[in-house]
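Residue numbers (the numbering used here): 3 to 437.
A virtual CB, placed ideally from N, CA and C, is assigned to each residue, including glycine.
Please read these numbers as outputs of a predicted model, since none were measured by experiment.
Before any comments, here is the structure.
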Ligand SMILES: Cc1cc2nc3c(=O)[nH]c(=O)nc-3n(C[C@H](O)[C@H](O)[C@H](O)COP(=O)(O)OP(=O)(O)OC[C@H]3O[C@@H](n4cnc5c(N)ncnc54)[C@H](O)[C@@H]3O)c2cc1C
């Protein structure tokens, strides 16, 4: 794949104005790109941040205005044209994108930042029910919030981050909440048992009913086509007046597929975020990129990943050195607990628990592979999370007992790791250091 540097007075089109799209646009300016820059935005209003939608926004603690990723004047000042519309074709041969309605834009480079869409409940007949919600956009969150205000029983299908955050918000608004999860534990795809168990206890202690390992057999409908209950394969029945489905997200790859780009559960990109066409880059939730010691292709859904890939893409397009990829991080707020994760947990790694998740409101779980730290989940300790980012980012080799021993301060481990790093030769940069 040849390196692309977009001409200084060229034309760059960014498709999708979430965190990834807005960041690559502003970062291109920061990197000195002076040409035409169009950010195609298919939603209403200014580009906005999604994380508060399942948290503060549902609670009424933040408003639509606070969600803007950047104030409107930034786009004007930086000559970023925010163009309302949906791109329905990408023609790599003619170097044009076509918007719904027929307008075409020429490009020297395109950045796909098309994100994802909620996975639908397969084989169910709930899609048209007025009290069934998914939670992805501001419009989704506004509709759900409105419905919660006049309801008393919320059923959530899916015990992942979005489902649990919405459960916590709805409970705080006074609703009776039941979470139906198909797996035998919460957050099973993204974290380990000690963290799952902690969140189960947290939600139950606030009066949320969590039902694990359940399968939905069918739904019951009432007046106006509203869903009134979910019936379960084990014969159970859970009544509701609002239903939220939060069972994950699928990448929006349809444009890339139709354009003939390499796609496999995400638009495939290299370390510089370039797709199989050297004038098209892809970043954020829609992209799959090599990551980690094994350089496996991974799609990561988080704000931090979107921002990191946006900065890489901007550097690639302007011929700047690529920023070093840091371990991605993520957060989730539920009731008073703030989970912060860094790196990518995989079920096959060794785990070390620091603190007691049964009794402590703050603890952490550390994940190692062949003795090297690859990820950490930290609950309600910003200081430990700061250390976790440095340790995981440094791919440090730490004896499990030191991590587990709460009398060994984490910042001592960080200091030891920093000293050890400074002693290794530059040629062995990727070799983990031991502390
Ligand atoms: C409710 C919710 C809560 C979240 N909470 C957290 C959190 O606490 N922490 C965290 O790190 N992450 C969180 N996330 C995930 C995080 O928001 C995303 O991973 C991140 O913002 C990446 O965004 P993106 O720009 O890649 O994609 P998106 O935010 O999905 O943006 C893509 C945009 O592209 C547009 N688009 C798609 N196709 C086209 C087209 N053909 N033409 C024009 N436009 C198009 C879409 O309409 C959309 O606006 C949350 C997500 C949601 C939905």
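Please classify residue i: does DSSP put it in a helix, a strand, or coil?
| i | result |
| --- | --- |
| residue 254 | coil |
| residue 133 | coil |
| residue 45 | coil |
| residue 379 | strand |
| residue 90 | strand |
| residue 140 | helix |
| residue 232 | strand |
| residue 222 | strand |
| residue 155 | strand |
| residue 76 | helix |
| residue 183 | coil |
| residue 106 | strand |
| residue 56 | helix |
| residue 161 | coil |
Buried or exposed: which applies to residue i, given that a residue is buried once 16 or more other Cβ atoms fall within 10 Å of its Cβ?
| i | result |
| --- | --- |
| residue 25 | buried |
| residue 116 | buried |
| residue 152 | exposed |
| residue 326 | exposed |
| residue 493 | Nothing about residue 493 can be read from this structure; the chain reaches only from 3 to 437. |
| residue 194 | buried |
| residue 219 | exposed |
| residue 118 | buried |
| residue 291 | buried |
| residue 414 | exposed |
| residue 2 | Since the first and last residues shown for the chain are 3 and 437, residue 2 lies out of range. |
| residue 336 | buried |
| residue 132 | exposed |
Taking the alpha-carbon positions, what's the residue i to residue j distance?
| i | j | result |
| --- | --- | --- |
| residue 297 | residue 185 | 28 Å |
| residue 181 | residue 280 | 45 Å |
| residue 78 | residue 383 | 39 Å |
| residue 69 | residue 221 | 35 Å |
| residue 67 | residue 251 | 26 Å |
| residue 311 | residue 393 | 21 Å |
| residue 429 | residue 397 | Legend: pLDDT at residue 429 = 43, less than 50; position of this residue unreliable, value from coordinates given subsequently. Residue 429 and residue 397: Cα-Cα distance of roughly 16 Å. |
| residue 89 | residue 331 | 30 Å |
| residue 1 | residue 7 | With the chain covering 3 to 437 only, the question about residue 1 has no answer from this structure. |
| residue 303 | residue 403 | 32 Å |
| residue 168 | residue 11 | 45 Å |
| residue 205 | residue 172 | 12 Å |
| residue 36 | residue 28 | 11 Å |
| residue 234 | residue 213 | 11 Å |
| residue 275 | residue 249 | 27 Å |
| residue 259 | residue 192 | 27 Å |
| residue 104 | residue 163 | 39 Å |
| residue 230 | residue 223 | 5 Å |
| residue 123 | residue 253 | 16 Å |
| residue 353 | residue 166 | 23 Å |
| residue 351 | residue 370 | 6 Å |
How many whole angstroms separate the CB atoms of residue i and residue j, which I take to be in contact at a CB cut-off of 8 Å?
| i | j | result |
| --- | --- | --- |
| residue 155 | residue 242 | 5 Å |
| residue 82 | residue 21 | That belief does not hold up - the Cβ atoms of residue 82 and residue 21 are roughly 15 Å apart, past 8 Å. |
| residue 91 | residue 100 | 4 Å |
| residue 236 | residue 359 | That pair is no contact at about 29 Å. |
| residue 341 | residue 333 | 6 Å |
For residue i versus residue j, is the C-beta spacing smaller than 8 Å?
| i | j | result |
| --- | --- | --- |
| residue 16 | residue 23 | yes |
| residue 53 | residue 19 | no |
| residue 268 | residue 329 | no |
| residue 372 | residue 343 | no |
| residue 111 | residue 319 | yes |
| residue 295 | residue 271 | no |
| residue 188 | residue 177 | no |
| residue 380 | residue 390 | yes |
| residue 183 | residue 160 | yes |
| residue 102 | residue 87 | yes |
| residue 94 | residue 261 | yes |
| residue 175 | residue 150 | yes |
| residue 255 | residue 264 | no |
Quick one: is the Cβ of residue i within less than 7 Å of any heavy atom of ligand 2?
| i | result |
| --- | --- |
| residue 126 | With respect to ligand 2, the structure shown offers nothing to examine, as its ligands consist of ligand 1. |
Is the CB of residue i under 8 Å away from at least one CB in chain D?
| i | result |
| --- | --- |
| residue 46 | Absent here is chain D; the protein component of the structure consists of one chain. |
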